[in-house]
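Engineer: After the structure tokens below, expect a handful of questions from me.
Structure representation (structure tokens):
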């Protein structure tokens, strides 16, 4: 007998039938899930990076009052601690310096100082670097004195400059030679100035 059923059979092909819409919806849903999973960790990483304002911590041992322009009256060694912060976007127009805070404490009861300023860094071949900093310092030494083993620094607040030349290792570690100088640029009655030289270790986050 001849088949008299003339109703069209449903087309289950992926081109025109009912499976294609189902597959399309599944693909779209899967894509949305993948995008969500991809976006969440990226946002978290970006937030963590913004929240980490510290760029580097440096510690060192400095030979007190022994720079090339010092009169070498004071003695001992300084323990130095310095924190460098990430450069704000607003500082791009002045070559992206990093703000810093630091302290140098003398082991012979001579001049101690706390300081702040900006540090510029230049890298060479990704492992060598040099830093120059400019800022100010406050010290607990003498402004004017007749003692031969103490400096007459003139003012309590002084200008401060420093220079570092160093090598950067893997893992964020670095070692550097350091020189710093404080003076008042002859704005006060006396201006003997004070310098220290030494070695510092840095850890870059």
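Numbering (the working numbering), first residue to last: 7 to 211. Beta carbons are placed, not taken as given, at the ideal position from N, Cα and C, and that holds for glycine.
(1) Comparing alpha-carbon positions, which option in 132, 150, 134, 167 lies nearest residue 143?
(2) By the three-class DSSP mapping on this structure, what secondary structure does residue 44 have?
(3) Under three-state DSSP, which class holds residue 98?
(4) What's the gap between the Cα of residue 197 and the Cα of residue 66?
(5) Residue 111 lies in the beta strand (DSSP E); which residues open and close that run?
(6) Who are residue 132's beta bridge partners in DSSP?
(7) How many whole angstroms separate the CB atoms of residue 170 and residue 136, which I take to be in contact at a CB cut-off of 8 angstroms?
(8) Quick check: the stretch 157 to 167 against the stretch 202 to 211, are at least 3 beta-carbon pairs closer than 8 angstroms?
(9) Measure the beta-carbon distance from residue 87 to residue 60 and round it to whole angstroms, keeping in mind my assumption that it falls under 8 angstroms.
(10) In the DSSP output, what is residue 67 paired with across the bridge?
(11) Between residue 90 and residue 79, is the Cβ-Cβ spacing less than 8 angstroms?
(12) Would you tell me roughly how many angstroms separate the C-alpha atoms of residue 47 and residue 183, rounded to the nearest one?
(13) Name the residue from 73, 64, 58 whose alpha carbon lies nearest to the alpha carbon of residue 94.
(14) Pop quiz: residue 165 and residue 190 are said to be a contact at Cβ under 8 angstroms. What is the actual Cβ separation, rounded to whole angstroms?
(15) Taking its Cβ as the centre, do 16 or more other Cβ atoms sit within 10 Å of residue 77, making it buried, or is it exposed?
(16) Label residue 139 either buried or exposed according to how many other C-beta atoms from any shown protein chain fall within 10 Å of its C-beta, with 16 as the threshold for buried.
(17) I'd like to confirm the pairing. Which residues does DSSP put opposite residue 125 in its beta bridges?
(18) Give the list of continuous beta strand (DSSP E) stretches no shorter than 3 residues that lie fully inside the stretch 169 to 208.
(19) Could you tell me which of 194, 188, 129 sits nearest to residue 172, measuring between CA atoms?
Structural biologist: On the basis of the coordinates in this document:
(1) 167
(2) Only weak support is given to the placement of residue 44: the predicted model assigns it a pLDDT of 45, under 50, and the value that follows is read from those uncertain coordinates. Residue 44 falls in the helix class under three-state DSSP.
(3) helix
(4) 26 angstroms
(5) 104 to 112
(6) In DSSP, residue 132 forms no bridge with anything.
(7) 7 angstroms
(8) no
(9) Going by Cβ atoms, the distance from residue 87 to residue 60 rounds to 13 angstroms, so no, they are not a contact pair.
(10) 85, 205
(11) no
(12) Confidence at residue 47 is low in this model, with a pLDDT of 38, below 50, so its placement is unreliable and the value that follows should be read with caution. Rounded to whole angstroms, residue 47 to residue 183 spans 40 angstroms at the Cα level.
(13) 58
(14) 7 angstroms
(15) exposed
(16) buried
(17) 104, 139
(18) 179 to 189
(19) 129
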